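A.B. asks: For the sequence shown, this note's numbering assigns the number 66 to the initial residue and increments by one for each residue that follows. Just so you know, even glycine gets a beta-carbon here, dropped at the ideal spot from N, CA and C. Only a predicted model underlies this, so the values are computations on that prediction, with no experimental measurement involved.
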Amino acid sequence: MDQKTIQELSDKILKLKKERKAVILAHFYQRPEVQDVADFIGDSLALSQRAANTDAEVIVFCGVHFMAESASILSPDKIVVLPDENAGCPMADMVDAIQLKRKKQEIPDAMVVCYVNTSADVKAESDIACTSANAVNVVASLPEDQPVLFVPDKNLGHYIVTKTGRDMILWQGCCATHHHLLTADVLKAKEEHPEALVMVHPECRPEVVALADKVTSTAGMINFACESEAREFIVATEMGILHPLKKRCPDKHFYMASQSLICPNMKKITLDKIYQSLVTLEPRVSVPEEIRERAFVCLERMLEVV
Ligand code: 13P
Ligand code: SF4
66 MDQKTIQELS
76 DKILKLKKER
86 KAVILAHFYQ
96 RPEVQDVADF
106 IGDSLALSQR
116 AANTDAEVIV
126 FCGVHFMAES
136 ASILSPDKIV
146 VLPDENAGCP
156 MADMVDAIQL
166 KRKKQEIPDA
176 MVVCYVNTSA
186 DVKAESDIAC
196 TSANAVNVVA
206 SLPEDQPVLF
216 VPDKNLGHYI
226 VTKTGRDMIL
236 WQGCCATHHH
246 LLTADVLKAK
256 EEHPEALVMV
266 HPECRPEVVA
276 LADKVTSTAG
286 MINFACESEA
296 REFIVATEMG
306 ILHPLKKRCP
316 DKHFYMASQS
326 LICPNMKKIT
336 LDKIYQSLVT
346 LEPRVSVPEE
356 IRERAFVCLE
366 RMLEVV
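Written out as structure tokens, the structure is:
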């Protein structure tokens, strides 16, 4: 899309957004032009907090399905729109409520911690949620003598175990985008940029995490890069984050650990689709009340720990 078309569409979106009393929330993995029309850009944690506190009538969620669902769980009286209903998270689909219920029967005294990258049904079956930004604190807040089942990301789960020393039972899911990154990729990037610090998302494999100077969420990476005295950084997460990194730290240099770090689902949201969703207020995301109430408790407990 050329710059003129982007500008025209963005102007139309901003005008219609006001008429609809809508707020546009976007994740850092969104396309640059989508991030640029958003009222707020953030990591999963900050986006949930925003969704819980907005006074807009409509939330246009530029992210993936579980994020829009969390917004609807936290703000049930708002219209929540996901501009492409097929923008899902394959890792979230690696556990469903039936599988989880079955596992809970095997270990009835376990507390279930779910990554926020899960469906509302799974949240409804879990005790507390976490994001990559607060996962260590959430697990550290649990009673010490109780077993913990962590779903679905085995890599994030492993990272939490190393930080808390807590022996959790790990579901065997992962994010294909992050799991695809190998130590060889990071070592090659380090060879090419020997002065650069390595920032790694905890969804990466443990052996990749072990190479990091900083392991953190997407928002954590932006804060780390801005505050650090270093001038160069190797980035091991989805490449959409380059846009806010370059914007917020224009005098620093960022190198992707691999050119394959792309989440195709995050890229499904386009300016065209945002505009259409503001016209039609579709596709909507909502959660049946019985599920929502239980999923709300799970998210609320997480927000209390932050
Ligand atoms: P953050 O919470 O760090 O933004 O991560 C979300 C996500 O989906 C990572 O793949
Ligand atoms: Fe899901 Fe991975 Fe995409 Fe994040 S990057 S939304 S975990 S598939």
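What residues match up with Val213 in a beta bridge as DSSP calls it?
C.D. replies: Met176
A.B. asks: Can you give the Cα-Cα distance for Ala301 and Cys269, rounded to whole angstroms?
C.D. replies: 8 Å
A.B. asks: Taking all protein chains shown into account, do 16 or more other C-beta atoms lie within 10 angstroms of the C-beta of Glu134, making it buried, or fewer, making it exposed?
C.D. replies: buried
A.B. asks: Of the choices Ala290, Lys166, Leu276 and Glu365, whose alpha-carbon is the least far from that of His318?
C.D. replies: It is Ala290 whose Cα lies nearest to the Cα of His318.
A.B. asks: Are the stretch 144–152 and the stretch 111–126 touching, with three or more C-beta to C-beta distances below 8 Å?
C.D. replies: yes
A.B. asks: Among Cys195, Ala136 and Glu347, which has the Cα closest to the Cα of Arg357?
C.D. replies: Ala136
A.B. asks: Between which two residues does the beta strand (DSSP E) harbouring Cys195 extend?
C.D. replies: Ile193 to Cys195
A.B. asks: Identify, in the order they occur along the chain, each residue of the same chain with its Cβ nearer than 7 Å to the Cβ of Leu343, setting aside the five sequence neighbours on each side.
C.D. replies: Cβ-Cβ distances below 7 Å link Leu343 to Ile78, Leu81, Lys82, Arg85, Ala87 and Val125 in the same chain, with the five nearest sequence neighbours on each side left out; the list follows chain order.
A.B. asks: For the alpha helix (DSSP H) containing Phe93, list its first residue and its last residue.
C.D. replies: Neither: Phe93 is in no alpha helix (DSSP H) and is coded neither H nor E.
A.B. asks: Is the beta carbon of Val178 less than 9 Å from the beta carbon of Val204?
C.D. replies: yes
A.B. asks: How is Ala301 classed by DSSP in three states: helix, strand or coil?
C.D. replies: strand
A.B. asks: Residues bridged to Tyr320 by DSSP?
C.D. replies: Ile299
A.B. asks: Closest to His266 by C-alpha separation, out of Leu165, Gly222 and Thr335, would be which residue?
C.D. replies: Gly222
A.B. asks: What beta strand (DSSP E) runs, 3 residues minimum, are completely inside the stretch 94–134?
C.D. replies: As for any beta strand (DSSP E) of minimum length 3 sitting wholly inside the stretch 94–134, the runs are 105–107 and 123–127, ordered along the chain.
A.B. asks: Whole angstroms are fine: how far does the CA of Asp108 sit from the CA of Phe93?
C.D. replies: 6 Å
A.B. asks: Give the DSSP-derived three-state secondary structure of Ile287 in the structure shown.
C.D. replies: helix
A.B. asks: Nearest CA to the CA of Ala162: which residue from Asn151, Thr242, Ile138 and Glu190?
C.D. replies: Nearest C-alpha to Ala162 among Asn151, Thr242, Ile138 and Glu190: Glu190.
A.B. asks: If you run the structure through DSSP and keep just helix, strand and coil, what is Met264?
C.D. replies: strand
A.B. asks: Quick check on DSSP: helix, strand or coil for Val350?
C.D. replies: Correct three-state label for Val350: coil.
A.B. asks: If you reduce the DSSP assignment to three classes, tell me which class Val160 lands in.
C.D. replies: coil
A.B. asks: Considering only their Cβ atoms, is the gap separating Ser197 from His245 smaller than 9 Å?
C.D. replies: Going by C-beta atoms, His245 is not nearer than 9 Å to Ser197.
A.B. asks: Applying the 10 Å Cβ sphere with the 16-neighbour rule, what's the burial state of Gln72?
C.D. replies: Exposed, by the Cβ-count rule.
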